[in-house]
Each structure stands twice: as structure tokens, then as C-alpha cells.
Amino acid sequence: MTGPGKPYVRKVPSGRDGMWASAGPPLARLDIELTERCNNDCVHCSVNLPAGDAAARAREWPAASWKGLLGEAAELGCLVVRLTGGEPLVREDFEEIYLHARRLGMRVMLFTNATLVTERLARLFRDVPPLEAVEVSVYGMAAETYEAVTRAPGSFAAFRRGLGLLGDQGVPFVVKGAVLPSTRREMDELEAWSARITGSPARPSSAMLFDLRSRRDGAKNPLIAGLRIGGDEFVRIARRHGEAAVDEWRDFCARSGGPRGDRLFTCLASGGSASVDPYGRLQYCLGLRHPDTVTDLAAGSLREAVTGFLPRVRAMRSTNPAYLERCGRCFLKGLCEQCPAKSWAEYGTLDTPVEYFCGVAHAQAIAAGLLEPGEKAWAVVDGKERVERVERRRGS
Ligand code: SF4
Ligand code: SF4
């Protein structure tokens, strides 16, 4: 919907949309948001409720339901499950759910802040490895900067302790940063520290473009928006280690295929993944909670949702003129974060061009030599040829 009561999305039968045909299993990966609750209260977080939120906790699916769902997912060919939140470790039954996934032979991607890792849990990960590196979010290199983000006294010490326990048991993990006012000065330190503790020279990824709250529960969004950096700053940070990132942006554009046209979903093009929220509602992806793209698993099986509902969502088309005239014709698709989930979080629609991400993509394209300052990407009629020209020039 774009504006009150005005439908701007056309639904078409998925059978007419051959691009979604997939040779793989119906479900290769399942993302599970085990809880909205978290023991931190990060300034930029787009999900969290307080860890002790009794109402949220009472609505969460119990372990038995998750185990049933994991069994259904395994039957659909699912090999990887991502457990995230909120903070998944606030759930007292985390171990039970984790072990069930591993018994089914699934690899487990765990996204955590590590503050609640106990000796017992670290040993469990040693003995029954997740088979994917645990992904630990790091909000600062010192208590002062870390807790300026998490707003939870004592969280820095708890995080260092949790990470130490994983390290002591030889559990593989990677760390991920977030570029926030209090952590911006620490990026070099984070990278050097990450190399030391993980033994890998690979630089940690750092979140820079923060999403608004996808539940559209409003009050915190101005705070999140105020933490966002502009396109020029984004480019400056990406260039800290040379031009590799900019070369990559050009490659994205070269490989991304033509403009979107009226397609809404150009991500996950092969299908094969789905997300479930803490209350058993299946979503196209973790951040997309538009009612037309969510189905309650209490009313039907995972198989029906994955093989019937999701293909119908993937086949949805836009009829919104603003989208068709801009994103529909834009050659920066491979660079830009624009997608139905972002549009939903920002505007409550599936297809409104998100000005923030549009500005960042334009700054990237200017840095990559694909646009002149002031030029609009959607007005470029020979985008593909332009990318090829610039690539050739750089290669010569
Ligand atoms: S630790 Fe993660 S889930 Fe918890 S508040 Fe921070 S960003 Fe949100
Ligand atoms: S750069 Fe702007 S017009 Fe192009 S896809 Fe992104 S939001 Fe749409």
C-alpha cells in the first residue's frame, strides 16, 4: 500500500513468473528470530524488547513448536538454520532448540552479543559444534564506548567474558562491528583486535546503514535515523583500505542484470529461504513484516507456506508510479539497499523508493565513476553500457 488505502501492488500467479523456478530444495535455509527480547538496549537496534518483557515472552513459541518446525524444515531439505533475535540466548530453552537442529543434521548460524555465553554453553558448542562460526556483535572496544551503545551497565565485561569462554573451548567465531558515534574512532582497533583473537586477517564486517524498526513500533526510529551516516561518509569509510570496495561496487552493478522493472523481489532470486518470527509467523525475510508477506504457521504447514505462499509473494509486482519511474528503471540495483523490507520499515509500503538508501547508492556510484554529481541513476538510459565502458577504461 502507498498512502492510506491506496493499493500500489499487483499480485500475479507465481506460475507465470519463471524467474523464481529453483532447482534446489524448497527450503535450503531457515532464519528463526527466536525472541524479540534482549538483555542489551542498543541505540541502533531495530528489534529489541527488554529481556524481562513478560508479554512478549508469553507469546513466544515454546521449544516443542520450534522442534516441530525444524523437523518440517528438514523434510523440505533445509541444511542451515540461523538463530537470531533480539538475543537468542535469553531463551532458557535455547540449548534444547539448538541441539534439535544439530540432531537433524542442520548447520547452525548463531547471531549473538555473547554476553550470556556460559561455560556450559561454550562446552556444548565444543562438543556439538554449530558447524558455522558463531557471529558475535561487538559494540565497542572499551566499556565506555561499548556501553554507550548497549545502554546496559556491565555488558562490556559480560561480552568479553563470553567471548573468552568461546575462545577457551576452541569454538570458532567471527566478530562484527557497528559504525556508531561512539565506535567510529575505534575501527582500526577493532580490525587489529579481530585479527588477533580470530587468527584471521579477514577484516570484520561493520554495520553502517541502520534499518528502522520493521515492526514499525515508532518511537525509537528518530533515534536510529539520527545515527545514520550520509553517503559521502559511507564512501569515505569504505575507502579506508583503498579502492577495492569501490571496484567491487562497479562489479555489483555489472553483474546485477537489468533494472527491476515492476519486480519487487530481486533478492534471493533462487528462492529457498524463509524466516519465522518468535510467534510462529512465516515471513519472506527477517525484516519484512508487511501483512501481505506474512502468514501464520498456526493456520497451515511449513510446506504449504514455502511452496504455496512464498512463491506468490515473490511474484508480486509493483504498480506504484514512483517505484516504476525510479527503481524500476535504475541501473544501480546491484548497489542499492532498496527492497520491499526497507520500504516497509521506512514508509509502510512495499515499493516506495527509500530516500536514504537512494542517496547512499548515488554517492557510491559517483565514487565508482558511474554517475556525475547531480545525475540521477533512473534517468540514465544506457546504464549497462555505461558500466561496461567504465570497467573497460579502468582495465585498459
Ligand atoms: S545486542 Fe543485538 S539484539 Fe540486543 S539490543 Fe543490541 S543490537 Fe539489538
Ligand atoms: S538508487 Fe534510488 S532509484 Fe535506484 S534502486 Fe536505489 S532507491 Fe531506487
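Quick note on numbering: numbering that gives the first Met the number 0 labels position 41 of the sequence shown as 40, and the sequence is numbered without any gaps.
Where is the CB? At the ideal position from N, CA and C, for every residue including glycine.
Secondary structure of residue i, DSSP reduced to three states
{"i": "G17", "result": "For G17, the pLDDT reaches just 38, beneath the cut-off of 50, and the residue's location in the model is therefore unreliable, although a value from the coordinates is still provided. In the structure shown, G17 sits in a helix (DSSP, three-state: H, G or I)."}
{"i": "M108", "result": "strand"}
{"i": "T292", "result": "helix"}
{"i": "E134", "result": "strand"}
{"i": "R227", "result": "coil"}
{"i": "D52", "result": "coil"}
{"i": "C41", "result": "coil"}
{"i": "A268", "result": "Interpretation of A268 is limited by its pLDDT of 47, a score under 50 that renders its predicted location unreliable; no figure is taken from the coordinates."}
{"i": "S317", "result": "strand"}
{"i": "S154", "result": "helix"}
{"i": "A273", "result": "strand"}
{"i": "R159", "result": "helix"}
{"i": "S205", "result": "strand"}
{"i": "D350", "result": "coil"}
{"i": "R262", "result": "strand"}
{"i": "G36", "result": "Here the sequence assigns Arg to residue 36, which means Gly is not the residue at that position. It is a strand residue."}
{"i": "T306", "result": "helix"}
{"i": "L323", "result": "helix"}
Cβ-heavy atom distance, residue i to ligand 1, below 7 Å
{"i": "C329", "result": "no"}
{"i": "N39", "result": "yes"}
{"i": "S136", "result": "yes"}
{"i": "N112", "result": "yes"}
{"i": "N220", "result": "no"}
{"i": "T351", "result": "no"}
The beta strand (DSSP E) enclosing residue i, as first and last residue numbers
{"i": "R81", "result": "V79 to T83"}
{"i": "G176", "result": "F172 to A177"}
{"i": "L281", "result": "R280 to Q282"}
Alpha carbon of residue i to alpha carbon of residue j, nearest angstrom
{"i": "R392", "j": "G368", "result": "10 Å"}
{"i": "G347", "j": "R195", "result": "43 Å"}
{"i": "S21", "j": "R311", "result": "Low per-residue confidence applies at S21: pLDDT is 49, beneath 50, and the placement is therefore not dependable enough to give any value."}
{"i": "C252", "j": "V386", "result": "7 Å"}
{"i": "E345", "j": "W65", "result": "30 Å"}
{"i": "G84", "j": "D381", "result": "42 Å"}
{"i": "V359", "j": "C326", "result": "14 Å"}
{"i": "G2", "j": "R215", "result": "Any reading at G2 must be qualified, since the residue scores a pLDDT of 38, below 50, and its modelled position is unreliable; no value is offered."}
{"i": "P25", "j": "L281", "result": "15 Å"}
{"i": "M105", "j": "R262", "result": "32 Å"}
{"i": "V137", "j": "L179", "result": "11 Å"}
{"i": "S45", "j": "E94", "result": "25 Å"}
{"i": "G161", "j": "S154", "result": "10 Å"}
Residue i, enclosing alpha helix (DSSP H) - first and last residue
{"i": "S64", "result": "A62 to E74"}
{"i": "E118", "result": "E118 to D126"}
{"i": "E32", "result": "Per DSSP, E32 belongs to no alpha helix (DSSP H); it is in the beta strand (DSSP E), R28 to E32."}
{"i": "Q168", "result": "Here Q168 belongs to no alpha helix (DSSP H), and DSSP marks it neither H nor E."}
{"i": "R212", "result": "Counting along the chain, R212 falls outside any alpha helix (DSSP H), and DSSP gives it neither H nor E."}
{"i": "C252", "result": "A243 to R254"}
{"i": "G394", "result": "G382 to G394"}
{"i": "L396", "result": "Here the chain has residues from 0 to 395 only, and residue 396 is not among them."}
{"i": "L189", "result": "M186 to T197"}
{"i": "E143", "result": "A142 to T149"}
beta-carbon residue i near ligand 2 non-hydrogen atom, thresh 7 Å
{"i": "F264", "result": "no"}
{"i": "R44", "result": "Just to set this straight, residue 44 is Cys in the shown sequence, not Arg. Flag unset: Cβ of C44 not near ligand 2."}
{"i": "C335", "result": "yes"}
Closer than 7 Å: residue i CB and nearest ligand 3 heavy atom
{"i": "V127", "result": "Summarising the ligand content, the structure contains ligand 1 and ligand 2 and does not contain ligand 3."}
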